[in-house]
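Asks: Final position of the sequence shown in our numbering is 1079; the numbers increase by one with none missing. For each residue, glycine too, the CB sits at the ideal point set by N, CA and C. Note that the structure is predicted; figures quoted are calculated from it, not measured. Dropping the structure in here first, questions after.
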Amino acid sequence: QLQASGGGLVQTGGSLRLSCVASGSIFSSNAMGWYRQAPGKQRELVASIARGGVGSTNYADSVKGRFTISRDNAKNTVFLQMNSLKPEDTAVYYCGAGRTFYSPTDYWGKGTQVTVSS
């Protein structure tokens, strides 16, 4: 129902763009979010965007100014543009969808690995 892609290996300061395609019924009815989980750590919210995507986005303090979440409603796709990447951004990134804007977790996709080398 949710399929994330776009992860990879990048050097410090580099950029990646993650994509997540959702089924139409899930995408149109829910807020969307990106989460990440580093080894030995809990999964955390990176960014979320409201249903419809109009005006409402939310970011973790650690990524503000570097990451941008957006959604293409015509393609049922949510993106995470990640710039100025740091080694501490290394994690498995997951796409989520749900009714709650600040924590959309009703639906999950498989993760995509992002590794930032120093």
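1. Just verifying my parser: in three-state terms, what is the DSSP assignment at Ser1079?
2. By the DSSP assignment, the beta strand (DSSP E) with Gln986 in it spans what residues?
3. If you run the structure through DSSP and keep just helix, strand and coil, what is Ser1023?
4. For Gly994, which beta-bridge partners are listed by DSSP?
5. Going along the chain, which residues of its own chain have a beta-carbon closer than 6 Å to the beta-carbon of Ile1030, five neighbours each way excluded?
6. With distances taken Cα to Cα, identify the nearest neighbour of Arg978 among Ser984, Ile987, Gly968, Gly985.
7. So what does DSSP say about Asp1067, is it helix, strand or coil?
8. At the level of alpha carbons, what is the spacing between Gly1057 and Ala1035?
9. Is the beta carbon of Ser976 closer than 8 Å to that of Leu1046?
10. May I ask which residues mark the beginning and end of the beta strand (DSSP E) holding Ala965?
11. The beta strand (DSSP E) spanning Arg1032 covers which residue range?
Replies: Taking the structure as given:
1. It is coil, neither helix nor strand.
2. Before going on, a small fix: residue 986 reads as Ser here, not Gln. Annotation: Ser986 is outside any beta strand (DSSP E); the continuous alpha helix (DSSP H) that includes it extends over 985–990.
3. In this structure, Ser1023 counts as helix in the three-state DSSP scheme.
4. Gly994 is bridged to Ser1009, Gly1057.
5. Excluding residues within five positions, the ones whose Cβ falls inside 6 Å are Ala1008, Ile1010, Thr1018, Leu1041.
6. Checking every option, the nearest Cα to that of Arg978 belongs to Gly968.
7. Three-state DSSP puts Asp1067 in coil, outside helix and strand.
8. The straight-line gap from Cα to Cα measures roughly 18 Å.
9. For Leu1046 and Ser976, yes; Cβs fall inside 8 Å.
10. Here the beta strand (DSSP E) through Ala965 covers 963–966.
11. Secondary structure note for Arg1032: its beta strand (DSSP E) is the uninterrupted segment 1028–1033.
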